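Residue 1337 is where the sequence shown ends in this note's numbering, and the numbering goes up by one at each step.
For each residue, glycine too, the CB sits at the ideal point set by N, CA and C.
The model shown is predicted, which means the values in this text are computed figures rather than measured ones.
The structure appears right after this line, and notes come after that.
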Amino acid sequence: MIAIGSDHGGYILKEKIIEHLSARGIEYKDYGTFSGESCDYPVYAKKVASAVVTNSCDKGILVCGTGIGMCIVANKIPGIRAALCGDCFSAEAARLHNNANILTLGARVIGNGLALKIVDIFLDTPFSNEERHIRRISEIE
Ligand code: RB5
1197 MIAIGSDHGG YILKEKIIEH LSARGIEYKD YGTFSGESCD YPVYAKKVAS
1247 AVVTNSCDKG ILVCGTGIGM CIVANKIPGI RAALCGDCFS AEAARLHNNA
1297 NILTLGARVI GNGLALKIVD IFLDTPFSNE ERHIRRISEI E
């Protein structure tokens, strides 16, 4: 189960990602926002991060204009490892090395095609489980 959320800046891309997840048969919970009306990104970042740390969802996706605000907020919540990714290499490394559990995207920074590719890589790449990465992640906690 994937938790997904956005602010107004990420709303249209969030809807595209939801279409994409549905087409792939991936279950999701949409934590809003539900329109393009101006709203505050911390509200949605906290909802998605809570769903991930309480294990009601396996991973999260957060979209705002830049992806930065969502990433800052999500990473304040203990147990969250949110990664702002604007390229495929980073998305893969975020999973392999950092075991990132939330992907953040900047809808005003990257195009929809690249964003969906990044989503696929984020969802399909397992954590490497390599000792050095396990150790480094445990040092974060
Ligand atoms: C909203 O204008 C914008 O600040 C927000 O979407 C995001 O980019 C914040 O980091």
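The beta strand (DSSP E) enclosing residue i, as first and last residue numbers
| i | result |
| --- | --- |
| residue 1253 | Element bounds for residue 1253: n/a, residue is neither H nor E. |
| residue 1242 | No beta strand (DSSP E) holds residue 1242; the alpha helix (DSSP H) holding it covers 1237-1249. |
| residue 1279 | 1278-1280 |
| residue 1224 | 1224-1226 |
Residues near residue i by beta carbon distance below 7 Å, same chain, minus five either side
| i | result |
| --- | --- |
| residue 1313 | 1284 |
| residue 1304 | 1205, 1261, 1262 |
Three-state secondary structure (DSSP) of residue i
| i | result |
| --- | --- |
| residue 1200 | strand |
| residue 1305 | coil |
| residue 1273 | coil |
Short Cβ contact (8 Å threshold) for residue i with residue j
| i | j | result |
| --- | --- | --- |
| residue 1276 | residue 1270 | yes |
| residue 1256 | residue 1239 | no |
| residue 1288 | residue 1317 | yes |
| residue 1259 | residue 1310 | no |
| residue 1282 | residue 1306 | yes |
| residue 1155 | residue 1203 | The requested residue 1155 is not part of the displayed model; the chain covers only 1197 to 1337. |
| residue 1266 | residue 1290 | no |
| residue 1213 | residue 1315 | yes |
Boundaries (first-last residue) of the alpha helix (DSSP H) holding residue i
| i | result |
| --- | --- |
| residue 1212 | 1207-1220 |
| residue 1289 | 1284-1292 |
| residue 1233 | Looking at the DSSP string, residue 1233 is not in any alpha helix (DSSP H), and its letter there is neither H nor E. |
| residue 1334 | 1327-1336 |
Cut-off 6 Å between Cβ atoms - residues of its own chain near residue i, not counting five sequence neighbours on either side
| i | result |
| --- | --- |
| residue 1216 | 1312 |
| residue 1324 | 1292 |
| residue 1301 | 1259, 1263, 1311 |
Contacts around residue i, its chain only, beta-carbon distance under 8 Å, and the 5 residues preceding and following it disregarded
| i | result |
| --- | --- |
| residue 1198 | 1217, 1222, 1223, 1224, 1225, 1253, 1254, 1255, 1256, 1257, 1319 |
| residue 1333 | 1277, 1294, 1295 |
| residue 1249 | 1273, 1274, 1275, 1276 |
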